[in-house]
Amino acid sequence: AVALYCGVEEGTPSRHVRRGPPGMVVSPPVQAAEPDVALRKAISSIRTDKRPKVCFVCIGTPHLTMGERVAEYANPGSLSRHFVRKHVSKLKDGQFVNCMDCGVRLKTRKDLLIHAERFHGTVSRGPAERLIV
4 AVALYCGVEE
14 GTPSRHVRRG
24 PPGMVVSPPV
34 QAAEPDVALR
44 KAISSIRTDK
54 RPKVCFVCIG
64 TPHLTMGERV
74 AEYANPGSLS
84 RHFVRKHVSK
94 LKDGQFVNCM
104 DCGVRLKTRK
114 DLLIHAERFH
124 GTVSRGPAER
134 LIV
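FYI, the numbering for the sequence shown is 4 to 136, going by the working numbering.
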């Protein structure tokens, strides 16, 4: 009956293809005079926001560019996806993550996940919990 109405036969559903990093907010690059201000604002966010949109691990990684260190995600869920993909899943046995904000060395995935949620509001449920060995 529908084919008679519009004359077009519907095909199989297509998968949505993402373009670009998921959830990244496109913001202007950090100017030369602004890095300290941007870094202070990002650090304040990870200390005070209940669910921040800035990664506490990236902030404390000096080899990243300032733009990468203070990148703000579209929402806390996007930050959680970034955190699990870039930090939790890549942590191998014997490696550790230093939280520069708290001065704590996190030696296991479990320590990292617990610290992220308890002290920085970065919540990861589901797949991240399966990564704990």
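Ideal Cβ placement from N, Cα and C applies to all residues, glycine included.
Here the structure is a predicted model, which means the values were calculated and not measured.
Item: DSSP state of V100 mapped onto helix, strand, coil; Value: strand
Item: Cβ pair S127, V87 closer than 7 Å; Value: yes
Item: DSSP beta-bridge partners of L109; Value: V100
Item: Length of the line joining the Cα atoms of T51 and L67; Value: 23 Å
Item: For A35, the three-state DSSP class (helix, strand or coil); Value: With a pLDDT of 48 at A35, under the threshold of 50, the predicted position of this residue should be treated as unreliable, and no value is reported.
Item: Selection from C105, R72, D114, H85 that minimises the alpha carbon distance to D96; Value: D114
Item: In DSSP terms, what E120 is bridged to; Value: Partner(s): none; E120 has no beta bridge.
Item: Start-to-end residues for the alpha helix (DSSP H) that takes in R72; Value: 69-72
Item: Per-residue burial, L124 [other beta carbons within 10 Å of its own, 16 or more giving buried]; Value: Before going further, note that residue 124 is Gly rather than Leu in the sequence given. Classification of G124: buried, given that the 10 Å Cβ count is 16 or more.
Item: Cβ-heavy atom distance, Y76 to the ligand NAD, below 6 Å; Value: Annotation note on the ligand NAD: not contained in the displayed structure, which lists no ligands.
Item: 6 Å CB neighbourhood of R72 in its chain, flanking five on each side removed; Value: C61, I62
Item: Option nearest V107 by Cα separation, candidates E37, R43, F59; Value: F59
Item: Exposure of R54, with buried meaning 16 or more beta-carbon neighbours within 10 Å; Value: exposed
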